[in-house]
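Novice: As they're listed, the protein sequences go chains P and B.
Under the numbering used here, the residue at position 33 of the first sequence is numbered 33, and the numbers go up by one with no gaps.
So the mapping is simple: the numbering used here equals the position in the second sequence, first residue as 1, plus 178.
Below is a structure I'd like to ask you about.
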Amino acid sequence: MVVLRQPDHEAFSEFASARSASLFRTAYLVIGDYQLAQDLVQESLVKTYLAWPRLRDVAKAEAYTRRVIVTTCISWRRRRSFSERPATHVPDASVTDPTTLLPEQGELWTAVGHLPPRQRAAVVLRFCEDLSQAQTAELMGCSVGSVKRHTSLALDKLRAEMGARFSPPFVDEQAVTP
Amino acid sequence: MNASLRDLRRHVDAAPPPQFDVEGIVARGDARLRRRRAALAAGSAGLVLAVIVAGVTLTGSNQRSSPPVGTPTPSVTDTAAPTDTRPLTYADDYTADPSLDIHWRMQSIEYGDRTLRPGIDATALDLTDDGVVMVAPDGGIHLTDGEATEKIGESTIPGPAMSWAEWGVKTSTAGSLVAWFTPLGPDRSLVVYDAHEHRVVTQVARPDCGRYDCQLEALVGDRVYWSESPDPTGGGRPQWAGRPLQVLDVATETVSETNTRALWEDLRAYPRGFVEGDNYETGAAVSQDVNTGAVRFVPQGSTLELQRWVRDTGADIDGDGEGDGPVIFGYGGFDTTGRRLNLRLPAGYSPAEHPYALFQWLDDDRFAVMAGAADFDEPGEGYGDILVCDIARERCTLAAPGPGPDGSLRLVPHVTLPN
């Protein structure tokens, strides 16, 4: 008999309020769109809320949510609807993306946006979030070897697209190991 | 000025994070909990009904493809060499172009004992009994029988890292039909083409696709299933198991509403599919044609076993992988005729570390799987090996050794393209 237990509203709300900004940064890095990053965080927090009763260690809730963000993002980007939206479902132009107010987003941001979802996730988690290969693998739900391969392919594509204007990660960054 | 990846972190840190409506998130969570409780309550009753209905409604008929289970079908014997209705198909010869959304372009296609050079940039493969179907980067759908290549229609332009199953083109595991949605627009239609007769056999103008878009779910025999695409943001997305479907019966050219349970029953009515688990009556029917992920096999000792995901809580996993509880693997199953799978690996064969994904049926008894095709994970020993498994003979043979652990990839019909 499967019993669905009720989550602890207060503890979850406290967690969500405290960590949503940090979670949003991860979401924005992996999906690259301000509005979709908001949706991604909300969806991931809903999933965390459902899993709350069985999260044995609430301190790990953030890591759990971050993993949901990454895997959900990859799932969304693999769907046909992500790259082909009907004309009746265009984003609300009145909603301003605050990042557009910042100085030039840069060619690199655009180039990262061209990467396939797993490669993008690997490279931003490794070199923007400064996670180790093992931590990145944990979030992506894959092996360390897979992270290495996706990272290598991503860096190759960034070099190919940007040439000398791209500064690859320092060797010590790449050498980070668990 | 050069740009480094650390700059992106600073860029994002400088952006003010949005305010989140935590109470709204909790409300959405509570609503999903209520739906799950309702589904759990209805589950056992529905299962009983499904078994009863399956017993009386296995009425699929199709003159173009394999007959439903229950009709005698040819079966290979040890004294007669099997004849492929669909030759083993894969592509090793491709080019990679990172400037394209679709990075892989097939130059030639291995098709049984022939090598096809269709003369177009194919980005994906599928099969009919009458040739290979290919989708070009511009969304053009092409058919080749090895002698000639013809363009048979246009569909959605493939996007990056999309699986074949997610695209707007479907074939069945047997027969000659190909179904697709024409590109987005006011006159979008569902087209069904017969590759044997080389003509469109029926069309549905402006099909009902709900709020977002049409998504082909399966072509089973001569019935085409589709649904409303999921909400691209994921909000309010129905679980796969509860998704309402539309179905076109090609023989009668009628469209009706149906659901995923009817689709599962339909899958059971044809021989080229599997039933997961230890109980043939209650197990889930799976096919590589349905948008619920790859059908996976894994080596277990000297045999190859059908693998499924289950929750350690005992709850089912829906097609989108949502749900509570850690995921564990279960093994074993049947073909849709009820034969328990017992597939010995080749003697002396060192199996790959990767799961083997089903990608085509050669006939009613034999199917092909490829190591690594489920997720195009990192290459390793045995990566890309193609095994052909014979259910009647209870064994698998190594049909095409993989291109090796050097990073080369092998492309096969149906499965997700590497990214």
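Just so you know, even glycine gets a beta-carbon here, dropped at the ideal spot from N, CA and C.
Suppose contacts are defined by Cβ-Cβ distances below 7 Å. Is residue 548 (chain B) in contact with residue 590 (chain B) by that definition?
Specialist: Going by C-beta atoms, residue 548 (chain B) is nearer than 7 Å to residue 590 (chain B).
Novice: Classify residue 15 (chain P): buried if its beta carbon has 16 or more other beta carbons within 10 angstroms, exposed otherwise.
Specialist: Residue 15 (chain P) is buried by the Cβ-count criterion.
Novice: According to DSSP, simplified to helix, strand and coil, what is residue 577 (chain B)?
Specialist: Strand, per DSSP.
Novice: Express the C-alpha separation of residue 561 (chain B) and residue 317 (chain B) in angstroms, rounding to a whole number.
Specialist: Straight-line Cα distance between these residues: approximately 30 Å.
Novice: Strictly under 7 Å for the Cβ-Cβ distance: is residue 159 (chain P) near chain B by that measure?
Specialist: No - not a single Cβ of chain B is within 7 Å of the one on residue 159 (chain P).
Novice: Please state the DSSP three-state secondary structure of residue 209 (chain B).
Specialist: It is helical.
Novice: Of all Cβ atoms in chain P, is any one closer than 7 Å to the Cβ of residue 401 (chain B)?
Specialist: No, its Cβ sits nowhere closer than 7 Å to a Cβ of chain P.
Novice: Which whole-angstrom value is the C-beta distance of residue 211 (chain B) and residue 267 (chain B), which I expect to be below 8 Å?
Specialist: Going by Cβ atoms, the distance from residue 211 (chain B) to residue 267 (chain B) rounds to 45 Å, so no, they are not a contact pair.
Novice: With residue 394 (chain B) and residue 329 (chain B) assumed to form a contact (beta carbons below 8 Å), what rounded beta-carbon distance in angstroms separates them?
Specialist: Between residue 329 (chain B) and residue 394 (chain B) the Cβ distance is about 19 Å, and since that is not below 8 Å, they are no contact.
Novice: Going along chain P in order, which residues have a C-beta closer than 9 Å to the C-beta of residue 191 (chain B)?
Specialist: Residues of chain P passing the Cβ test: 25.
Novice: If you draw a straight line from the alpha carbon of residue 564 (chain B) to that of residue 205 (chain B), how long is it in whole angstroms?
Specialist: Distance between the alpha carbons of residue 564 (chain B) and residue 205 (chain B) is about 48 Å.
Novice: Measure the Cβ-Cβ separation of residue 475 (chain B) and residue 534 (chain B) and say whether it is below 7 Å.
Specialist: Yes, the pair counts as a contact, with Cβ atoms nearer than the cut-off.
Novice: What residues are listed by DSSP as bridge partners for residue 479 (chain B)?
Specialist: Residue 479 (chain B) is not bridged to any residue.
Novice: How far does the alpha helix (DSSP H) with residue 148 (chain P) in it extend, from its first residue to its last?
Specialist: Note, residue 148 (chain P): alpha helix (DSSP H), 144–162.
Novice: How is residue 468 (chain B) classed by DSSP in three states: helix, strand or coil?
Specialist: Coil, per DSSP.
Novice: Got a sec: is the Cβ-Cβ distance from residue 73 (chain P) to anything in chain A below 7 Å?
Specialist: You won't find chain A in this structure, because its protein chains are P and B.
Novice: Going residue by residue through the stretch 4–31 of chain P, where are the continuous alpha helix (DSSP H) segments of at least 4 residues, counting only ones entirely within it?
Specialist: Counting only runs of 4 or more, we get 9–31.
Novice: Name the two residues that bound the continuous alpha helix (DSSP H) containing residue 113 (chain P).
Specialist: Residue 113 (chain P) -> alpha helix (DSSP H) spans 107–113.
Novice: Could you tell me the boundaries of the beta strand (DSSP E) in which residue 53 (chain P) lies?
Specialist: Careful: residue 53 (chain P) lies outside any beta strand (DSSP E) and carries neither H nor E.
Novice: Does the count of Cβ pairs from the stretch 346–365 of chain B and the stretch 287–306 of chain B closer than 8 Å reach three?
Specialist: At 8 Å Cβ cutoff, the stretches touch.
Novice: If contacts are defined as beta-carbon pairs under 8 Å, then residue 320 (chain B) and residue 287 (chain B) qualify, I think. What distance do you get, rounded to the angstrom?
Specialist: That belief does not hold up - the Cβ atoms of residue 320 (chain B) and residue 287 (chain B) are roughly 11 Å apart, past 8 Å.
Novice: Identify the continuous alpha helix (DSSP H) that holds residue 127 (chain P) and give its terminal residues.
Specialist: Its alpha helix (DSSP H) spans residues 117–127.
Novice: With distances taken from CA atoms, which of B:438, B:325, B:385 and B:515 is nearest residue 447 (chain B)?
Specialist: It is B:515.
Novice: Starting from residue 518 (chain B), trace the beta strand (DSSP E) both ways and give me its first and last residue.
Specialist: Per DSSP, residue 518 (chain B) belongs to no beta strand (DSSP E) and is neither H nor E.
Novice: At the level of alpha carbons, what is the spacing between residue 440 (chain B) and residue 264 (chain B)?
Specialist: Rounded to the nearest angstrom, the two C-alpha atoms are 27 Å apart.
Novice: Just to confirm, are residue 111 (chain P) and residue 150 (chain P) a CB contact at a threshold of 7 Å?
Specialist: It is not a contact, given that the beta carbons lie outside the stated cut-off.
Novice: Going straight from the alpha carbon of residue 140 (chain P) to that of residue 131 (chain P), what length do you get?
Specialist: Roughly 12 Å between the two C-alpha positions.
Novice: What does the Cβ neighbour count give for residue 467 (chain B), buried or exposed, with the cut at 16 atoms within 10 Å?
Specialist: Answer is buried; the Cβ neighbour count reaches 16.
Novice: Which residue comes first and which comes last in the alpha helix (DSSP H) that contains residue 197 (chain B)?
Specialist: Taken as a continuous stretch (DSSP letters only), residue 197 (chain B) belongs to no alpha helix (DSSP H), as it is neither H nor E.
Novice: Using a Cβ cut-off of 7 Å, pull out every chain P residue sitting near residue 581 (chain B), in sequence order please.
Specialist: Going along chain P, no residue has its Cβ under 7 Å from residue 581 (chain B), so there is no contact; the nearest lies around 15 Å.
Novice: On the DSSP bridge assignment, give the partners of residue 568 (chain B) in chain order.
Specialist: Note: residue 568 (chain B) sits in a beta bridge opposite B:544 and B:573.
Novice: I believe residue 69 (chain P) touches residue 125 (chain P) by the beta-carbon criterion, under 8 Å. Please report the beta-carbon distance rounded to the nearest angstrom.
Specialist: In fact, because the Cβ distance is near 10 Å, the residues do not count as touching under 8 Å.
Novice: Any beta carbon from chain B within less than 7 Å of residue 15 (chain P)'s own beta carbon?
Specialist: By this cut-off, residue 15 (chain P) is not an interface position.
Novice: Kindly indicate if chain P contains any beta-carbon less than 7 Å away from that of residue 182 (chain B).
Specialist: So yes, residue 182 (chain B) belongs to the interface.
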